[in-house]
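Colleague: Top to bottom, those sequences are chains U and F.
FYI, this note's numbering numbers position 135 of the first sequence as 145, with every residue one higher than the one before it.
FYI, this note's numbering numbers position 26 of the second sequence as 36, with every residue one higher than the one before it.
Built from N, CA and C at the ideal position, the CB exists for glycine as well.
Protein chains: 2
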Amino acid sequence: MKISKKDLTEKIRNCGLKPTSQRIAILLQLLSRRDHPSADAVYQSLKDEYPSLSLNTIYMNLESFAEKGIITKINVLHQSARFDGDISSHHHFVCVRCKKIIDLHNMKIPKIKIPKELKTAKVYFHQLRINGICEDCSN
Amino acid sequence: MKISKKDLTEKIRNCGLKPTSQRIAILLQLLSRRDHPSADAVYQSLKDEYPSLSLNTIYMNLESFAEKGIITKINVLHQSARFDGDISSHHHFVCVRCKKIIDLHNMKIPKIKIPKELKTAKVYFHQLRINGICEDCSN
DNA sequence: TTGGATGCAAATACTTTGCACACGG
DNA sequence: CCGTGTGCAAAGTATTTGCATCCAA
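Below is the structure:
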């Protein structure tokens, strides 16, 4: 499907942001590609066509778009790697605001059927991650 | 349950690593606590008792332990934020080695029952993440 | 003794912040 | 014009790398 700049302009305006040329370019880039780029990957793809575009602008706008829900941020970003000594099967709730991680031991997840896309990969383990805002942060 | 140093030594040796005093201390620390510490958090807890222990050693060993499967690294993708232009409901496979993300659109996940630990939290969305090693990396 | 492990310091990577200028409404 | 958005540079934090020394086997 073709993505028109007009649609993008609308989409950006609808979520309360000014449809600047940079925002349109960034959103177009993200909707056109099938992978899951980092801010820098988007930057690399756009800098030839938009030499004045700054990486900073991409960081800010990807974050804004995700906040408005027109794109998704796959990894709630902890500033640092977090480790768990408990390797028994359990899942996690992550507060998107304070980044707190809460164990969910009592949560039963029905058996997962590994999809065919992964038939050749080695699956280690799966973890369900629930994102939200914890009690402390919701005040 | 009490964790004996003897058991830890065994555990470390069993996964092919030398049971140095630093490794034993780091693993003991991680297995004793109920939270999900960063490398620095582990460092802060240990540096009084082991003044010569370096943060670097903790980084390396937490990574090694996670690779051997005796602890878990919760956020595989913490080094850079990754975004997805596709906001339809789907899940992801993440290669723990090359960090590649593969979309799993065909995967049906039965309805999730939100556990009681979260009764006061606001749940935004949940994503199932399957961790493993992709075909390219498994050679 | 010997190769892996550690400690230190420097280097790198990612992201955020501060501020002056530019631009859309 | 007004206020948000952008670009640049600098700062901040997390992690990795290089290398000499150390230590468990």
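#1: Which residues in the same chain as HIS101/U place their Cβ atom closer than 6 Å to its Cβ, once the five residues preceding and following it in sequence are excluded?
#2: My output table needs one value for VAL104/F: the three-state DSSP class, helix, strand or coil.
#3: Whole angstroms is fine: what's the gap from LYS78/F's alpha carbon to ARG23/F's?
#4: If I'm right that GLN39/F touches LEU56/F with Cβ under 8 Å, what's the distance once you round it to whole angstroms?
#5: Is the CB-CB distance between LEU41/F and ASN85/U below 8 Å?
#6: Please return the same chain residues whose Cβ sits closer than 6 Å to the Cβ of ASP146/F, not counting the five positions on each side in sequence.
#7: Is the beta carbon of ILE68/F less than 8 Å from the beta carbon of TYR53/F?
#8: Going by the CB atoms, is the gap between ALA91/F and SER48/U shorter than 8 Å?
#9: Got a sec: is the Cβ-Cβ distance from THR19/U to anything in chain F below 8 Å?
#10: Have a look at the DSSP bridge pairing and note the partners of PRO113/F.
#11: So which residues of chain F does ARG43/U contact, with C-beta pairs closer than 9 Å?
Modeller: On the basis of the coordinates in this document:
#1: LEU114, MET117, GLN137, LEU138
#2: strand
#3: 11 Å
#4: 6 Å
#5: no
#6: none
#7: yes
#8: yes
#9: no
#10: Before going further, note that residue 113/F is Asp rather than Pro in the sequence given. For ASP113/F, which the question treats as bridged, DSSP gives the partners HIS102/F.
#11: GLY95
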